[in-house]
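To start, the structure under review is shown below, and the notes come after it.
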Amino acid sequence: QSASGIKVIAATVKLSSPVQQHYVEKIIVHEGYDVRDSWKNDIALLK
Numbered sequence: 001q002s003a004s005g006i007k008v009i010a011a012t013v014k015l016s017s018p019v020q021q022h023y024v025e026k027i028i029v030h031e032g033y034d035v036r037d038s039w040k041n042d043i044a045l046l047k
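Residue numbers are given in UniProt numbering: position 1 of the sequence shown equals residue 1, and the series is strictly consecutive.
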């Protein structure tokens, strides 16, 4: 899955003044994830 243009904003309660911003390099989707049964293994890592 493409990570292009995805940004994570952390450690804030207001989006207007974020404390930490990180662009996502890679999305690692759980190997057991299946879109037809999307609630199982519905997890991914963002690098």
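Here a beta-carbon is modelled for each residue, glycine too, at the ideal position from N, C-alpha and C.
The model shown is predicted, which means the values in this text are computed figures rather than measured ones.
What are the boundary residues of the beta strand (DSSP E) that includes residue i?
i, result
"TYR23", "20-23"
"ALA44", "44-46"
"VAL35", "Taken as a continuous stretch (DSSP letters only), VAL35 belongs to no beta strand (DSSP E), as it is neither H nor E."
"LYS14", "Unbroken run through LYS14: none, as it is neither H nor E."
Could you say which of the options lies nearest to residue i if we only look at CA atoms?
i, options, result
"LEU46", "ILE28, ALA10 and GLY5", "ILE28"
Using 8 Å for Cβ pairs, my map puts residue i next to residue j. What's the rounded Cβ distance?
i, j, result
"LYS26", "ALA3", "6 Å"
"LYS7", "GLN21", "6 Å"
"HIS30", "ILE9", "The pair is not a contact, with the Cβ atoms about 24 Å apart (cut-off 8 Å)."
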